[in-house]
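Respectively, the protein sequence lines represent chains Z and L. Our numbering numbers the first residue of the first sequence as 1 and each following residue consecutively. Our numbering numbers the first residue of the second sequence as 437 and each following residue consecutively. Here's the structure we're looking at; comments come further down.
Number of protein chains: 2
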Amino acid sequence: MVEKEHLNTTLICRIQEHANQSVTLNGWVYNSRRSGKIGFLLLRDGTGTIQCIIVKNDVGEDQFESFKSLTQESSLSVSGTVVENERAPGGFEIQVNTLTIHQVSEEYPITPKEHGTEFLMNNRHLWLRSKRQHAILKIRHEIIKATRDFFDSNDFTLVDTPILTPNVCEGTTTLFETEYFGQRAFLAQSGQLYGEANAFAFGRQYNFGPTFRAEKSKTRRHLLEFWMVEPEIAYCDLDEDMVWAEKMLEFIVQRVLENRKFELEILERDTSMLEKVKAPFPRISYTECVDMLKEGGFDFQWGGDFGSPEETYISEKFDRPVFVHRFPSAIKAFYMKRDPENEDLVMGMDVLAPEGYGEIIGGSEREADHDTLLKRINADGLSLDDFQWYLDLRKYGSVPHAGFGMGLERTVTWICKLSHLRETIPFPRMYGRLRP
Amino acid sequence: MVEKEHLNTTLICRIQEHANQSVTLNGWVYNSRRSGKIGFLLLRDGTGTIQCIIVKNDVGEDQFESFKSLTQESSLSVSGTVVENERAPGGFEIQVNTLTIHQVSEEYPITPKEHGTEFLMNNRHLWLRSKRQHAILKIRHEIIKATRDFFDSNDFTLVDTPILTPNVCEGTTTLFETEYFGQRAFLAQSGQLYGEANAFAFGRQYNFGPTFRAEKSKTRRHLLEFWMVEPEIAYCDLDEDMVWAEKMLEFIVQRVLENRKFELEILERDTSMLEKVKAPFPRISYTECVDMLKEGGFDFQWGGDFGSPEETYISEKFDRPVFVHRFPSAIKAFYMKRDPENEDLVMGMDVLAPEGYGEIIGGSEREADHDTLLKRINADGLSLDDFQWYLDLRKYGSVPHAGFGMGLERTVTWICKLSHLRETIPFPRMYGRLRP
């Protein structure tokens, strides 16, 4: 901890350490009202909110007048005594001695009344100050930290993979392209291929960064720029890959339940469903899913890809996340290992989140054999030149290996039980939205 | 921790927990040699290396023959007993019972002999397995983790800022551009402006992600894609900003000294210089630097920007990182607050790393006044449309605030005492290099 005497700030999130002491708080007006000669100020400082009591006789006529001038989001410092009060939200309040106003805010555009989504998105830089957005992004931070802590404490090395890449991993139609001094470069859709090289160097690696898909679709499950964590593990098969995924999800959810109770309450999240997120998760094959869908009245043929309705149907059958494994080879990427027992299947898996949220994780065991992989690259019409280094990994000490990618924003959406991804990232990039 | 019985792997970095036990290790041949009927195998598994003793009489004729066939980087599993041996590197060795070979590697291109830089860079996906590269990237991970832990434990919220942006922060000539469904988008050079919005919402925020500069220069201090951590703090002035920066650097360096002793030894890093990295750091003004440079025989005029030779000269005068503060306004960005005592200076600061490494941090107090900022945006010919949201922050509860950015790779270069940035990032992107 940085010693606080150097930094003359007390934060609201630390107020319980200062009971009965004099403090100075710096923040903004979240709300204010008066009742005769007493003013009530709800102060927010970005780490919490606290009620401040301003008594005219204590602060004097001038300061009480200036209190009256405060508008929503005006910036000010208050000095006073921290007093325990069980009726105050948070259990403490400030008996104010002095107020210092920094700026009386112009009329703040976001008021407690309802606003349209477009308006709020255009004012995202201000909307972030609202209680609900604040809570979602605090939970996002917790999920990121839990994810990193999980891998760090399990002997994974963080190995950042590049954003600017010459090669194309999954489909060329959804790539952002840029000019790289006379070459074409693309924004990475995944760090996986690099992650495989890293796993051979570090045993267990993860990368965690932004990824990009230029999808011309406006759904509540898609962002053009989103964050993904991708562990990749040498000497790992599909079964072990699933164990890593379920242990990670259990760890993340339990951390959020432990540390973000307050924020989950703001979001009115029913936590009983989250408490059930304990490994092991059920494992069902793609083929079993197809049977389930048919029984459920879906007109679905073996070989097709699940869309949102199918994923929702399947995930609603279970009270915790569920693994779907062994998909048809034809609908999956070239690098996935084929099932040794059935060439038509790949050793891949998805995790569907419960409560109808659908896919949050996709992973697989990777093809470790050089010649098989070479055939696939050729069959898919990919440039051999781009993948030579990737094939090298199968020449110089190839080993069974597996990994997965978890979409951060989809995970936040599920854990917070939101209806749209746009609230889970500070400045969302979607089709038709590049601002602010 | 994930229970290891699910994951039948023992890692070399955990070997001391298994003294006198039977284990199975999975890895690659780092080195092997024979002496009559005894084989010595240096096994690496990405988390460490360990000596394995293969005695012909123990493993039998067939396995001993297959041991002989092993080439550098061949993949194999060994089972045996963990035995303490103070002469073995790491203090333990494995008495092998069985060997299982996964792949005898083709002739590995990177041998213990010297290779040229171009060759090694072209084989970066394999070069990462080498001891020195491995050590550097382990230290990189430690620095990232320490940085995040520092901010997390000081009540900062991680708020990721976008990569795809419509607005231009520092100069238009060094931007990577992409087409965003009919609009122009640029890859972010900094998350700072967004960070300011986040600081007003969260009090203390940091972002930590990749940033991009399309610089057509090939120096050992430039990458086109690099990672930057950027704290931004509401109610913070230049003095406090410097305190945060020095406390952070002290924390990072001490963590590396504590946890990465082994890797620092591999790099033959003289740690006595790192042990001196304790706050407070010296603070000298730009104007004092100009005097120092003149005394040192530099032909340097007040108003100019420091280049590498100047930064090296100044930083070599001190035994720890040094703050240079209050630069000429004319050479610094529009958003920096002017010195209230002298309009020709900005309240900005750089940190120069010792041992001649030069700038690793740049920061400032930001201009908090709406009209002053508006004038600067106009004077710099920036598009008002792009900065309207940024100006909003000065209308709705503006407060003094400050922040800084630390270049991750420059910091790794200094802490590891390397001569070039290219070794500090897994897959470097430089002018003329986009592969692998």
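Ideal Cβ placement from N, Cα and C applies to all residues, glycine included.
- The shortest CA-to-CA distance from threonine 165 of chain Z to any of Z:Leu193, Z:Leu345, Z:Leu158 is the one to Z:Leu193.
- When CB distances to chain Z are screened at a threshold of 8 Å, the residues of the stretch 613-639 of chain L falling below it are Glu613, Thr614, Glu615, Tyr616, Phe617, Gln619, Ala621, Leu623, Tyr630, Ala633, Asn634, Ala635, Phe636, Ala637, Phe638, Gly639, in chain order.
- Taking a beta-carbon distance threshold of 7 Å, proline 764 of chain L does not count as an interface residue toward chain Z.
- Around cysteine 52 of chain Z, no beta-carbon contact reaches into chain L at under 7 Å, the shortest distance being about 16 Å.
- Glutamate 61 of chain Z sits exposed, since fewer than 16 C-beta atoms from the chains shown fall within 10 Å of its C-beta.
- By the Cβ-count criterion, threonine 157 of chain Z is buried, with 16 or more other Cβ atoms from all chains shown falling within 10 Å of its own Cβ.
- Here the C-alpha atom of leucine 126 of chain Z lies approximately 28 Å from the C-alpha atom of valine 229 of chain Z.
- Identification of chain L residues near valine 256 of chain Z by a Cβ-Cβ cut-off of 9 Å yields none; the smallest Cβ-Cβ distance measures about 15 Å.
- Annotated three-state conformation of glycine 526 of chain L is coil, per DSSP.
- Within the DSSP secondary-structure output, alanine 621 of chain L pairs in a beta bridge with L:Thr614.
- From the beta-carbon of leucine 43 of chain Z, no residue of chain L is found nearer than 7 Å; the closest lies around 11 Å away.
- Where glycine 407 of chain Z is concerned, the enclosing beta strand (DSSP E) starts and stops at 401-407.
- Closest in C-alpha terms to lysine 278 of chain Z, from the list Z:Gly381, Z:Val23, Z:Val322, comes Z:Val322.
- With respect to chain Z, the C-beta atom of lysine 831 of chain L has a partner C-beta closer than 7 Å.
- The beta-carbon distance between phenylalanine 648 of chain L and glutamate 632 of chain L, rounded to whole angstroms, is 20 Å. This is too long to meet the 8 Å contact definition.
- In this chain, asparagine 521 of chain L is not harboured by any alpha helix (DSSP H), its DSSP state being neither H nor E.
- Taking CB atoms only, glutamine 16 of chain Z has no neighbour in chain L less than 7 Å away.
- Selection Z:Glu107, Z:Val346, Z:Gly80 evaluated against threonine 98 of chain Z yields Z:Gly80 as nearest (Cα-Cα).
- For proline 426 of chain Z, the residues of chain L that pass the 8 Å Cβ criterion are Val595, Asp596, Thr597, Pro598, Tyr630, Asn634, in the order they occur in the chain.
- Within chain L, no residue has its beta carbon less than 8 Å from that of glutamine 301 of chain Z; the closest one is some 34 Å off.
- Listed along chain Z are Gly209, Pro210, each with a C-beta nearer than 7 Å to that of glycine 645 of chain L.
- Distance check between asparagine 20 of chain Z and each of Z:Leu70, Z:Leu43, Z:Asn85 places Z:Asn85 closest, using alpha-carbon atoms only.
- The alpha-carbon of proline 864 of chain L is positioned some 11 Å away from that of tryptophan 663 of chain L.
- Arginine 338 of chain Z is positioned such that its CB atom lies closer than 7 Å to that of valine 346 of chain Z.
- Assigned with DSSP and collapsed to three states, isoleucine 575 of chain L falls in helix.
- Counting only the Cα atoms, arginine 184 of chain Z lies some 41 Å from isoleucine 284 of chain Z.
- In this structure, the straight-line span from the alpha carbon of glutamine 63 of chain Z to that of leucine 257 of chain Z is close to 42 Å.
- In this structure, DSSP gives histidine 538 of chain L an extended state, which the three-state scheme calls strand.
- Straight through space, the alpha carbons of serine 130 of chain Z and asparagine 123 of chain Z are spaced by roughly 11 Å.
- Here DSSP, grouped into helix, strand and coil, assigns serine 765 of chain L to helix.
- Fully enclosed beta strand (DSSP E) runs of no fewer than 3 residues occupy 322-328 of the stretch 291-349 of chain Z, in order along the chain.
- In this structure, the straight-line span from the alpha carbon of phenylalanine 823 of chain L to that of lysine 113 of chain Z is close to 27 Å.
- When beta bridges are read from the DSSP output, glutamine 51 of chain Z appears opposite Z:Leu42, Z:Glu93.
- Excluding five sequence positions before and after glycine 792 of chain L, the CB atoms of its chain that fall closer than 7 Å to its own CB belong to Thr748, Ser751, Glu752, given in chain order.
- Here the stretch 735-747 of chain L makes no contact with the stretch 812-826 of chain L; the two share fewer than three CB pairs at distances below 8 Å.
- Note that the C-beta distance between phenylalanine 251 of chain Z and phenylalanine 186 of chain Z is not below 7 Å.
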